[in-house]
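> Residue numbers 2 to 387, in our numbering, belong to the letters of the sequence shown in order.
Built from N, CA and C at the ideal position, the CB exists for glycine as well.
Below you'll find the structure I mean.
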Amino acid sequence: MTGAGDPDGELLGRILLTRVLEPGDEVAGRWVRELGVGEVVRRLRGEGAPLPGVSEKRWAGLRARAGRAEPERDLEVAGAAGVRFVRPGTMEWPGQLDDLGDGRPLGLWVRGPAGLRMWALRSVAVVGARACTEYGAHMALGLAAGLAERGWVVVSGGAYGVDGAAHRGALGAGGATVAVLACGVDRPYPRGHARLIDRIAEQGLVVGELPPGDHPTPSRFIVRNRLIAALTRGTVVVEAALRSGSLVTARAAQRLGRHTMGVPGPATSAQSAGVHELLRGEATLVTDAAEIVELVGDMGELAPARRGPVLPRDLLPAGARQVLAALPGHGASTATEIARGVPTTEDDAIARLYELRALGYVERHGDGWKLTRQAMISLRGGREVC
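In structure tokens, the structure reads:
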């Protein structure tokens, strides 16, 4: 079985196998690694002994699938839909997918003008709940837009909720995004996202393991998530319940040695409970695109330091700030009492008090000193009130 530009049948053989084998099948991956594509195809088509590690019933099912497969037609249908097949060993193949070992895809069906390999080198996965809250959608959109503005590719699963918000955030910022589907890339799913996925194919890439026309199943969604984790430098989870496919992606990223990040939500939110569980483990808390890039980016791509507002008292000399802090919130204190509280000499305390009086922070009442109303408002504004 050969085709033009495929003298050894490798291309058509792998396309046939995408019809016969389920994504992520490590037993089948071992066949391909040990025997080669050609030998696996030959045996599936009835020439030679059954392949090891499968029951007689399953082998019969695989043989039946192989008998129905038409790789030349799949290639023709894909070409008509603007879809190409990218296989290991070619220029466009993302090498990081090889980290999946025997669970590596046989190849990827790719729709869109960009080069998958180059985009994957600088990409981040943003995933999360389908039934996300407004907060989750807002965070996913903002994170994706921020990543896109910094030149990062946003990868997600094309689903409702967080996935859709992440894709829209990247597209809205004029950036790059990749949707990894659990079905044929010529058949957008969910159908309500058909226009979004078409737009992604125009401005970004739509990727999947399954051949043209194939449909999604619950197990295919779960197995698809390993691709999202492997393609990217790190995975960010924005809202996920304790039982969530997004957590499968995050755990796959951890197994592969990728960065795993989580966006915190309210402690009472069931939609954030899975994220919080991740954060109790090895995941890193992130709140914006700069913090994500600090983890996954190159040396020197640091997030800005987080600081509160600079208040007028922050500009005071250290000695004056110490004396100001030693004054009680209510009532007056003598210079002697204030000096003991700093601690410093009484003469130094008096000098600092006159300095503070000139700036409007304290006032003198007989032998005592007390905070002015202005100082009490300023101090209260910088303290946590319980």
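1) Can you confirm whether the segment 179-197 touches the segment 93-101 when touching is taken to mean that 3 or more C-beta pairs between the two stretches lie within less than 8 Å?
2) Thinking Ser273 and Gly266 are a contact (beta carbons under 8 Å), I'd like their distance in whole angstroms, please.
3) Using C-beta distances below 7 Å, list every residue in its chain close to Ser220, excluding the 5 sequence neighbours before and after it, in chain order.
4) Within the chosen definition, does the segment 206-218 reach the segment 103-113 through at least 3 CB pairs nearer than 8 Å?
5) Whose CA, out of Arg322, Val84 and Ala253, lies closest to the CA of Glu356?
6) How would you label Asp368, buried or exposed, when you count the other beta carbons within 10 angstroms and need 16 or more for buried?
7) Taking the beta strand (DSSP E) that Glu364 belongs to, which residues open and close that run?
8) Please state if the CB of Gly258 and the CB of Asn226 are separated by a distance shorter than 8 Å.
9) Could you pull out every residue in the same chain whose Cβ sits closer than 8 Å to the Cβ of Ala268, ignoring the five residues on either side in sequence?
10) Name the one or two DSSP bridge partners that Val128 has.
11) Given a threshold of 16 other Cβ atoms within 10 Å of its Cβ, counted over all protein chains shown, does Pro53 qualify as buried or as exposed?
12) For Asp187, is the classification buried or exposed, using 16 other Cβ atoms within 10 angstroms of its Cβ as the cut-off for buried?
13) Figure out for me which residue from Val264, Gly342, Val87 and Val155 has the closest Cα to the Cα of Gly137.
14) Is Pro318 buried or exposed, if buried means 16 or more other CB atoms sit within 10 Å of its CB?
15) How is Thr288 classed by DSSP in three states: helix, strand or coil?
16) What residue from Gly68, Ala67, Arg66 and Val87 has the CA that sits closest to Leu76's CA?
17) Measuring CB atoms only, is the segment 167-187 touching the segment 226-236, in the sense that at least three cross pairs come out at less than 8 Å?
18) Counting C-beta neighbours from all protein chains within 10 Å, is the total for His260 16 or more, i.e. buried, or is it exposed?
19) Report the rounded CA-to-CA distance for Arg20 versus Ala70, giving the unit in angstroms.
20) In chain order, which beta strand (DSSP E) runs of at least 3 residues are fully inside the segment 194-249?
21) Within the same chain, show all residues whose beta-carbon is closer than 6 Å to that of Arg1, passing over the 5 residues directly before and after it, in chain order.
22) For Val163 versus Val38, is the C-beta distance shorter than 8 Å?
23) Under a Cβ-count criterion, where at least 16 other Cβ atoms within 10 Å of its own Cβ denotes burial, should Pro329 be classed as buried or exposed?
24) In terms of alpha-carbon separation, which member of Thr218, Ser270, Leu228 and Pro106 lies closest to Ala241?
25) With 16 as the cutoff for other CB atoms within 10 Å, does Met262 come out buried or exposed?
26) State buried or exposed for Leu172, treating a residue as buried only when at least 16 other CB atoms are found within 10 Å of its CB.
27) Using only the alpha-carbon positions, how far apart do Val324 and Leu354 sit?
28) Measuring only the C-alpha atoms, how far is Arg34 from Glu295?
So, from the data block:
1) Three or more beta-carbon pairs separated by less than 8 Å are not found between the segment 93-101 and the segment 179-197, which leaves the two stretches without contact.
2) That pair is a contact at about 3 Å.
3) Within the same chain, no residue comes within 7 Å of Ser220 by CB-CB distance, once the 5 residues on both sides are set aside.
4) The segment 206-218 is in contact with the segment 103-113.
5) With distances taken between Cα atoms, Glu356 lies closest to Arg322.
6) Classification of Asp368: exposed, given that the 10 Å Cβ count is below 16.
7) DSSP places Glu364 in the uninterrupted beta strand (DSSP E) bounded by Val363 to His366.
8) Cβ distance not < 8 Å, so Asn226 and Gly258 don't count as in contact.
9) Counting only residues of its own chain and dropping the five nearest sequence neighbours on each side, Ala268 has a CB closer than 8 Å to the CB of His277.
10) The partner list for Val128 (beta bridge, DSSP) reads Val238.
11) Exposed: under 16 other Cβ atoms inside 10 Å.
12) Burial call: buried.
13) Per the Cα distances, Val264.
14) By the 16-neighbour rule on beta-carbons within 10 angstroms, Pro318 is exposed.
15) Residue state, collapsed to three classes: coil.
16) Selected option, being the one with the closest Cα: Val87.
17) Contact annotation: the segment 167-187 touches the segment 226-236, with at least three C-beta pairs closer than 8 Å.
18) Around the beta carbon of His260, a 10 Å sphere encloses 16 or more other beta carbons of the protein chains shown; the residue is thus reported as buried.
19) C-alpha separation (whole angstroms): 6 Å.
20) Counting only runs of 3+ residues, the beta strand (DSSP E) found wholly inside the segment 194-249 occupies 206-209 and 235-239, in chain order.
21) The chain is shown from 2 up to 387; residue 1 falls before or after that span and cannot be answered.
22) For the 8 Å CB-CB criterion, Val163 and Val38 do not form a contact.
23) Under the 10 Å beta carbon count, Pro329 is surrounded by fewer than 16 other beta carbons and is classified as exposed.
24) When only C-alpha atoms are compared, the closest one is Ser270.
25) Looking at its Cβ environment, which holds 16 or more other Cβ atoms inside 10 Å, Met262 is buried.
26) Per the 10 Å Cβ criterion, buried.
27) Cα-Cα distance, rounded: 7 Å.
28) Distance between the alpha carbons of Arg34 and Glu295: 37 Å.
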